[in-house]
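A.B. asks: First, the structure itself, so that you have it in front of you.
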Amino acid sequence: MTPQLPDVQASSPDVTVGLNRVGVTGVEKLVEISREEKRPYVLMAEFEVFVDLPSWRKGADMSRNMQVIDETLEEAVSQGDLRIEDICGTAAERLLDKHDYTEQAEVRMEAEFVTREQTPESDLPTQSTADVIASATATEDGDIREEIGAEVTGMTVCPCSQGMSAARAREKLRDQGVDDRTIEEFLEEVPQPGHSQRGHATLTVESEGGPDVDLVELIEVARDSMSARIYNLAKRPDEDHMTYQSHLDAKFVEDCVRAMAEGVIEEFPHLDDDAVVRMEQSNDESIHQHNAHAERVAEVATLRGEVNGDD
770 MTPQLPDVQA
780 SSPDVTVGLN
790 RVGVTGVEKL
800 VEISREEKRP
810 YVLMAEFEVF
820 VDLPSWRKGA
830 DMSRNMQVID
840 ETLEEAVSQG
850 DLRIEDICGT
860 AAERLLDKHD
870 YTEQAEVRME
880 AEFVTREQTP
890 ESDLPTQSTA
900 DVIASATATE
910 DGDIREEIGA
920 EVTGMTVCPC
930 SQGMSAARAR
940 EKLRDQGVDD
950 RTIEEFLEEV
960 PQPGHSQRGH
970 ATLTVESEGG
980 PDVDLVELIE
990 VARDSMSARI
1000 YNLAKRPDED
1010 HMTYQSHLDA
1020 KFVEDCVRAM
1030 AEGVIEEFPH
1040 LDDDAVVRME
1050 QSNDESIHQH
1060 NAHAERVAEV
1070 ATLRGEVNGD
1080 D
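Structure (C-alpha cells):
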C-alpha cells in the first residue's frame, strides 16, 4: 500500500501573510471554438490561472489549476457552444470549487486570431490577425465577470504634421498665382503628407456573466478606429488606397480612443449600462524615439452619455 504523502501546501507558512494571486502562467493549450455551419476557430492559446491564498496556508495546489484548464477545454470541445470568454468563466468557477480555501479565482487567455478578408483595391484574398484577450473573475459569493476583446494593428497619420504640410502647400500654390478657392478644393481632394505610425488598438468589454458582443465585430470596431486598415498582402493599388485613406483621416492617438468609444456605442446599443469598456491606443512613432499612448476605461452608461453629448 502506497503511504499517504504529506500535503506540505496545507501547512502553515513561517510568515503569515496572505497573497492576492497565486497560480500558473504560460500554460499553452489548443482551443477549438465551434461555429454553426462553419469551420471551428482553432486557437493556440496561452493561459494564466490564479487564486488568492489566505495567510494561514503555505501554498496553493498548482496541479489543480492545470486540471481545471484541461477539463474546461475538453468540455468546450465536446459541447461546441462555449464562447472564448465562457471558457475562462467556467474555469474560474471550477477553480473556486477545487480550492475550498480561496475567495477569488482569475483566468486570463491570449491567442492569435486569424480572419479572412479581401484586399481593398486588387480584391485578392488575404488574412488579418488579431491578438484575442479573454478573462474572467469568479468570487465565492457567486459573482462572475467575463471580459472579451482584442488588440489589432493599423495605421495612423499625425494631423499636426499634416497641417504643417498643408500650410506649406497653400503658400507655394499662392506664390504660383492659384486662387484660394482652388487651393482649398485641391487640398480637400489631395490630403498633404504627415508622419505616419503603426498603431496598436486594444478594445475589450467586461460585464457580469459576459458581455453580449461578437468578437469579430469588436475587432472590426478596433480596426476602424485608426486612420486606415493595413493588410498582410498589398499590391500597388492597395498601397495607394491605404496611403490615401490614412492621410484623408489623420488622427491623434487620442482620436483613436474616442473613435473606439463611438464605435462601441453605435455597434452595441444593447450593452448593459454597467458593462465596462477598456480602450487603449499606442502608436509606434516614426519621427520620435518615444511612442504615443492614450487610454480610457469607463462604464457603458458613461460613454453613451459622452458620445451622445448628454454630459
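Last residue of the sequence shown? That's 1080 in my numbering, and every number before it is there in order. No residue lacks a Cβ here, since even glycine has one placed at the ideal position from N, Cα and C. Just so it is clear, the structure is predicted and the values come from calculations on it, not from any experiment.
(1) Taking C-alpha atoms, which residue in Phe819, Leu812, Val796, Gly828 lies nearest to Val786?
(2) So Ala1028 and Ser994 are supposed to be a Cβ contact under 8 Å. How far apart are they, rounded?
(3) Touch check for the region 1029 to 1048 and the region 951 to 958: three-plus C-beta pairs under 8 Å?
(4) Could you check what DSSP says for Arg833 in three-state terms: helix, strand or coil?
(5) Please report the distance separating the alpha-carbon of Ser1051 from that of Glu815.
(6) If we count Cβ pairs, one from each stretch, closer than 8 Å, do we get three or more for the region 976 to 990 versus the region 871 to 880?
(7) Could you name the residues of the same chain whose beta carbon sits closer than 8 Å to that of Arg943, not counting the 5 residues immediately before and after it, in chain order?
(8) Identify every run of the alpha helix (DSSP H) within the region 935 to 984, keeping only runs that are complete inside it and at least 4 residues long; order them along the chain.
(9) Pull the bridge partners of Val811 from the DSSP assignment, please.
(10) Using the C-alpha atoms, what's the distance from Ser824 back to Ser832?
(11) Using the Cα positions of Tyr1013 and Gln966, report the straight-line distance between them to the nearest angstrom.
(12) Report yes if the C-beta distance between Tyr810 and Thr895 is below 8 Å; otherwise report no.
(13) Let me confirm a value: Ala936 is counted as buried when at least 16 other C-beta atoms fall within 10 Å, else exposed. Which label applies?
(14) Specify the secondary structure class of Glu890 as computed by DSSP and reduced to three states.
(15) Considering only the alpha carbon of each residue, which of Leu788, Glu801, Thr794 lies closest to Arg852?
(16) Below 8 Å on the Cβ atoms is my contact criterion, and I expect Ala1063 with Cys927 to pass it. Report the Cβ-Cβ distance as a whole number of Å.
(17) Per DSSP, Ile838 is paired with what?
(18) Decide if Ser996 is buried, meaning its Cβ has at least 16 other Cβ atoms within 10 Å, or exposed.
(19) Between the beta-carbon of Glu920 and the beta-carbon of Thr971, is there less than 8 Å?
(20) Quick check: the Cα distance between Ala907 and Gly979, rounded to an integer number of angstroms?
C.D. replies: Inspection of the coordinates gives the following:
(1) Sorting Phe819, Leu812, Val796, Gly828 by C-alpha distance to the C-alpha of Val786 places Gly828 at the top.
(2) Rounded, the Cβ-Cβ distance is 4 Å, consistent with contact.
(3) Contact between the region 1029 to 1048 and the region 951 to 958 is absent, because fewer than three Cβ pairs lie under 8 Å.
(4) Helix.
(5) Cα-Cα distance, rounded: 23 Å.
(6) Flag = no, the region 976 to 990 and the region 871 to 880 do not touch.
(7) Result list for Arg943: Asp949, Ile952, in chain order.
(8) List check, alpha helix (DSSP H) in window: 949 to 958.
(9) DSSP links Val811 through a beta bridge to Glu801.
(10) Cα-Cα distance, rounded: 20 Å.
(11) Each residue's Cα considered, the two are about 14 Å apart.
(12) No, Cβ-Cβ distance for Tyr810 and Thr895 is not below 8 Å.
(13) So Ala936 ends up on the exposed side.
(14) In the structure shown, Glu890 adopts coil according to DSSP, grouped into three states.
(15) Residue Glu801 is the option with its Cα nearest to Arg852.
(16) Contact flag wrong, Cβ pair sits at about 14 Å.
(17) According to DSSP, Ile838 bridges with nothing at all.
(18) Classification for Ser996: buried.
(19) Contact flag set, yes.
(20) So the alpha carbons of these two residues sit roughly 12 Å apart.
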